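Everything below concerns the one structure shown next.
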Amino acid sequence: MVRNHRGNFVKPGLQEVVNCVKNSWDKITDSDVSNALQTGYLDKKYSFNDSYIARHERFGPMIQQETDQEENQNFTCDDVPEDDDMTVIEYI
1 MVRNHRGNFV
11 KPGLQEVVNC
21 VKNSWDKITD
31 SDVSNALQTG
41 YLDKKYSFND
51 SYIARHERFG
61 PMIQQETDQE
71 ENQNFTCDDV
81 PEDDDMTVIE
91 YI
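Counting from 1, one number per residue, gives the positions in the sequence shown under the numbering used here.
Quick look at the structure:
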């Protein structure tokens, strides 16, 4: 940052501001956004579908589709075959 003869900061040029903003946005990854949404960026009292982001015309369906895919992947168990004859006994 440049200072004037009185020691005050001089307003940066437009190109410097544009570069700073662009570089900052470039550092944000998909996982950063996902973590922010999962760790409480959204209000806990309401579901995602009630949020402004979900109602957004363009981004709402995209984010909802991604979260649905992640939830489906987390609940998929491919390690047990369909024809497994294992009997599970519950003790009461």
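For every residue, glycine included, the Cβ atom is placed at its ideal position computed from N, Cα and C. Computed from a predicted model, the values in this text were never measured in an experiment.
When DSSP labels each residue in this structure, what does R58 get in the three-state scheme? Here the question's residue 58 lines up with position 58 in the sequence shown. Note: R58 maps to coil in three-state DSSP.
So if DSSP puts F9 in a beta bridge, which residue, or which two residues, is it bridged to? Sequence index remark: in the sequence shown, residue 9 carries index 9 (1-based). By DSSP's assignment, F9 forms a beta bridge with R3.
Would you mind stating whether S47 and E70 have Cβ atoms separated by less than 9 Å? Counting from 1 along the sequence shown, the entry for residue 47 is found at position 47. Counting from 1 along the sequence shown, the entry for residue 70 is found at position 70. Cβ distance not < 9 Å, so S47 and E70 don't count as in contact.
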